[in-house]
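A.B. asks: Before I ask anything, let me first share the structure, which is written out below as structure tokens.
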Ligand SMILES: [Zn+2]
């Protein structure tokens, strides 16, 4: 009976020690990650698709040569049109 009681006490002590360590770790982690999360929130701004003028979050947008696009399809259309304009300008020369 005594052995069982001692085991129970050891398990209880280990359990609470682990719980305390976990809480300390979580607080330590929150302290370190706190400022980074604020930075991410402020960096989540809206941009406009160069092709269709639709607004979307920067995270979902594609960037190509300083311009923003809502999809790879619109990026390709815009870039191919730019190439055609350049070709026509070359013809005029
Ligand atoms: Zn678009």
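In our numbering, the protein residues as written are 30 to 122.
Glycine included, C-beta positions come from ideal geometry on N, C-alpha and C.
If you're wondering where the values come from, they're calculated on a predicted model, not measured in any experiment.
(1) For residue 93, which residues from the same chain have a beta carbon less than 6 Å from its beta carbon, with the 5 sequence-adjacent residues on both sides left out?
(2) Mapping DSSP to helix, strand and coil, what is residue 104?
(3) Tell me which same chain residues have a C-beta within less than 6 Å of the C-beta of residue 87, skipping the five on either side of it?
(4) Can you give me the Cβ contacts of residue 99 inside the same chain, cut-off strictly under 6 Å, excluding the 5 residues immediately before and after it?
(5) By how many angstroms is the C-alpha of residue 42 removed from the C-alpha of residue 53?
(6) Quick one: what does DSSP say residue 97 is sitting in, helix, strand or coil?
(7) Around the C-beta of residue 97, are 16 or more other C-beta atoms found within 10 angstroms, so that it is buried, or is it exposed?
C.D. replies: Once the coordinates are examined:
(1) 104
(2) helix
(3) 74 and 76
(4) 78, 83 and 85
(5) 16 Å
(6) strand
(7) buried
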